[in-house]
């Protein structure tokens with residue numbers, strides 16, 4: 002039944018709007034715009050939180066879409082409408098004949114600054130502290146120092162097929178930390194926007210640091226036609242893997258952390274042994290589905306967002322650290338990483 006409206010897009014679309022009005026016959030095929038509008042109307046979980054009325058926005062943008070003469074013009078209208086959501090996770094993309102992405106458009110870009118420099122990190126810290134695990138671990142987004150010298154590991158990214166096997170890559174580091182009776186470690190995710198945590202792989206990874214089961218973050222989606230009707234899923238994080246490190250975990254954060262790594266942080270804050278150090282995360286946690294809007298162009302439709310367990314909205318706000326540490330370009334130019342330096346000093350406090 003859902004596709005019946007394709008034959009009468011203007012008529013049915015008007016029935017969805019807040020205040021129907023007369024609209025001219027579309028100048029081009031706007032079936033994709035109809036699907037895009039209705040999917041967001043049904044699925045997007047943060048309209049009420051952001052005080053946005055999608056129906057009223059439709060009253061403004063549908064006439065613009067109806068006057069489009071080409072698909073390129075229609076894409077511009079959709080992009081402009083998406084910009085108003087101020088969600089940096091949303092993007093449009095074009096695929097080639099093989100289904101590969103050949104062009105990407107982000108309607109809204111949230112400004113951010115990184116609080117790390119990879120060259121400084123590697124040359125001034127990692128290579129001087131028994132850097133190990135690169136060959137095996139880095140293929141999964143991991144790397145770490147010799148725990149006997151510096152109990153430090155970074156989590157660069159886990160994407161695609163890696164997210165189920167990646168947690169196992171960290172086990173040698175964890176095993177050595179336990180064998181050495183290390184009382185605190187540093188886990189650095191400042192460079193990570195991609196860790197997948199809504200799957201078993203992500204919770205397996207966090208479970209490596211869980212002494213017992215802890216409540217997880219809230220994954221919120223819509224449950225009805227009203228903007229404030231929600232379904233909240235709250236999966237717990239359980240001890241996982243052959244060994245769990247249950248000493249203090251100093252988790253390094255920054256504005257580059259977004260989407261899945263923010264969701265991971267939202268789970269980690271329920272662990273009593275985890276301390277957040279660095280800067281506030283970016284505040285971009287949308288999870289999305291796809292809709293085809295024009296020719297080979299597709300749009301991401303927000304269907305889930307992440308809240309902390311105490312129902313703090315991360316979208317647009319980010320997760321603040323327990324301890325804020327400033328890091329500037331001048332620091333990096335001098336070969337210094339203030340966030341990591343602070344964390345190294347913290348290690349002494351837990352000995």
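Numbering (this note's numbering), first residue to last: 2 to 352. Beta carbons are placed, not taken as given, at the ideal position from N, Cα and C, and that holds for glycine. In this text, all values refer to a predicted model and were calculated from it rather than measured experimentally.
| Check | Outcome |
| --- | --- |
| Any 3 or more C-beta pairs closer than 8 Å across the segment 312-325 and the segment 277-289 | yes |
| Same chain, Cβ closer than 6 Å to residue 118, neighbours up to 5 away in sequence not counted | 333 |
| DSSP-derived helix/strand/coil call for residue 115 | coil |
| Residue 204 (DSSP reduced to helix, strand or coil) | helix |
| Contacts around residue 256, its chain only, beta-carbon distance under 8 Å, and the 5 residues preceding and following it disregarded | 113, 114, 115, 116, 280, 281, 282, 283 and 319 |
| Boundaries (first-last residue) of the beta strand (DSSP E) holding residue 300 | 298-308 |
| Rounded separation between residue 138 and residue 203 - CA only | Confidence at residue 138 is low in this model, with a pLDDT of 48, below 50, so the placement of that residue is unreliable and no value is reported for it. |
| Cα-Cα separation, residue 32 to residue 130 | 58 Å |
| Beta-carbon separation (whole angstroms), residue 194 vs residue 217, contact threshold 8 Å | 20 Å between Cβ atoms; not a contact. |
| Residue 215 beta carbon less than 8 Å from that of residue 238 | yes |
| The segment 203-213 / the segment 34-49 touching (three or more Cβ pairs under 8 Å) | no |
| First through last residue of the alpha helix (DSSP H) which encompasses residue 78 | 72-84 |
| DSSP-derived helix/strand/coil call for residue 63 | helix |
| From 148, 111, 101 and 225, residue whose alpha carbon lies closest to that of residue 178 | 148 |
| Uninterrupted alpha helix (DSSP H) stretches inside the segment 259-294 (no shorter than 4 residues) | 261-269 |
| Residue 126 vs residue 338 beta-carbon contact at 8 Å | yes |
| Cα-Cα separation, residue 82 to residue 306 | 20 Å |
| Residue closest to residue 308, alpha-carbon to alpha-carbon, out of 98, 265 and 336 | 265 |
| Cβ-Cβ distance between residue 187 and residue 209 below 8 Å | no |
| Proximal residues to residue 92 (C-beta, below 7 Å), its chain only, five neighbours per side dropped | 105, 106, 107 and 301 |
| Three-state secondary structure (DSSP) of residue 214 | coil |
| Backbone CA spacing between residue 96 and residue 69 [nearest angstrom] | 22 Å |
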